[in-house]
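Each residue of the sequence shown is one higher than the one before, starting from 1 at the first, in our numbering. By construction, the Cβ of each residue, glycine as well, lies at the ideal position given by its N, Cα and C atoms. Please read these numbers as outputs of a predicted model, since none were measured by experiment. Have a look at the structure below, then the notes.
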Amino acid sequence: MSQPQALFVVLLISAGISTALSVLLSRPLSALLEDVCRSAGSVRFWLRYSQAILFIVPLLCSVVYAGTAVMRVGVQSGVEVFYVALLSSLLGALLALACVGIPLSRIRASAPSPKRSADNNAFWGHRSESEADGR
């Protein structure tokens, strides 16, 4: 396999993993952002920003790690290219998830909790004592 072909395979695998990651996390991320953000505009912005990070970071890791390995060392077979591309893309995906997840967990932890009722059993779906007595 030639170097341009190998680099194309690396980019293709990375784009596939990045796209799958963005599509799979789009709905849960949107729901989480709706809970945290105050306006619909900020939800749209942070969702697009997060999707860009989830797409760019694996691609960057693939180009830096696999691209330099392919160009500098040379490639023996297509299996080696696939292995290096998959490894670097998954490492980039893990890094992208950390880049998005850690700030979101900090925001989620600092967000005010919803108001609770005075009756603790209402949370679990149990009726209160006054409702059980028919009052």
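*Pick from 102, 4, 47 and 78: whose alpha carbon is nearest that of residue 24?*
47
*Which stretch, first to last residue, makes up the alpha helix (DSSP H) that contains residue 49?*
40 to 61
_DSSP three-state label for residue 99, please._
helix
_Need the endpoints of the alpha helix (DSSP H) that residue 67 sits in, please._
Unbroken run through residue 67: none, as it is neither H nor E.
*Give the straight-line distance between the Cα atoms of residue 61 and residue 27, rounded to the nearest whole angstrom.*
25 Å
*asked:* Beta-carbon within less than 7 Å of residue 5's beta-carbon, same chain only, minus the 5 sequence neighbours each way: which residues are those?
replied: none
*residue 2 by DSSP, collapsed to three states: which one?*
coil
*Figure out for me which residue from 58, 80 and 103 has the closest Cα to the Cα of residue 11.*
58
*What is the DSSP secondary structure of residue 160, counted as helix, strand or coil?*
Residue coverage of the chain in this structure runs from 1 to 135, which leaves residue 160 outside it and unanswerable.
*Using a Cβ-Cβ cut-off of 7 Å (strictly less than) and excluding sequence neighbours within five positions of residue 86, which residues of its own chain qualify?*
13
_Of the listed residues 30, 35, 55 and 107, nearest to residue 44 (C-alpha basis)_ = 30
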